[in-house]
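Comments concern the structure below.
Residue numbers (my numbering): 1 to 127.
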């Protein structure tokens, strides 16, 4: 049976802008980048080379041209950190749009926005 979550597709307006955001601002690495036809490429980023799960950055307009019925709305994604305060401070220092740090009975978390103004949640997890 299935034992890992492999890849999560993020539909973006521009792959190069998304690559810049995820690698230079978020500190992710490019795990795979290769052509997949004319004017298209497969682009995966992840927190490290060793991390199995990655984001596939796929341009919205290309997907819509291939499949007009495709839902390219943004998925709800929760990223994890073991030190929420340091992560929050680092992201603010890199001029990433972050909302207020929330301290709730069920955990600490905050929302940030990517280059296309999509929302992500970062949550502190002990691992």
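Just so it is clear, CB atoms sit at the ideal spot from N, CA and C, and this is done for glycine as well.
In this text the structure is predicted, and so the values were computed from the model without any measurement.
Range of the contiguous beta strand (DSSP E) that encloses residue i
i           : result
residue 41  : 41 to 46
residue 103 : 102 to 104
residue 80  : 78 to 81
residue 36  : Segment: none, residue 36 is in no beta strand (DSSP E) and carries neither H nor E.
Expected contact under 8 Å - CB spacing of residue i and residue j to nearest Å
i           : j           : result
residue 88  : residue 98  : 6 Å
residue 15  : residue 79  : Not confirmed; about 20 Å, so no contact.
residue 108 : residue 124 : 4 Å
residue 64  : residue 13  : Residue 64 to residue 13, Cβ: 12 Å. No contact.
Where residue i falls: helix, strand or coil (DSSP)
i           : result
residue 59  : strand
residue 134 : The shown model of the chain, from 1 to 127, leaves out residue 134, and the question about it has no answer.
residue 88  : helix
residue 99  : coil
residue 28  : coil
Residue i versus residue j: straight-line alpha-carbon distance, rounded
i          : j           : result
residue 42 : residue 76  : 22 Å
residue 49 : residue 103 : 31 Å
residue 62 : residue 8   : 17 Å
Any non-hydrogen atom of the ligand ZN within 7 Å of residue i CB
i          : result
residue 72 : In terms of ligand content, the structure shown is empty, and the ligand ZN therefore cannot be addressed.
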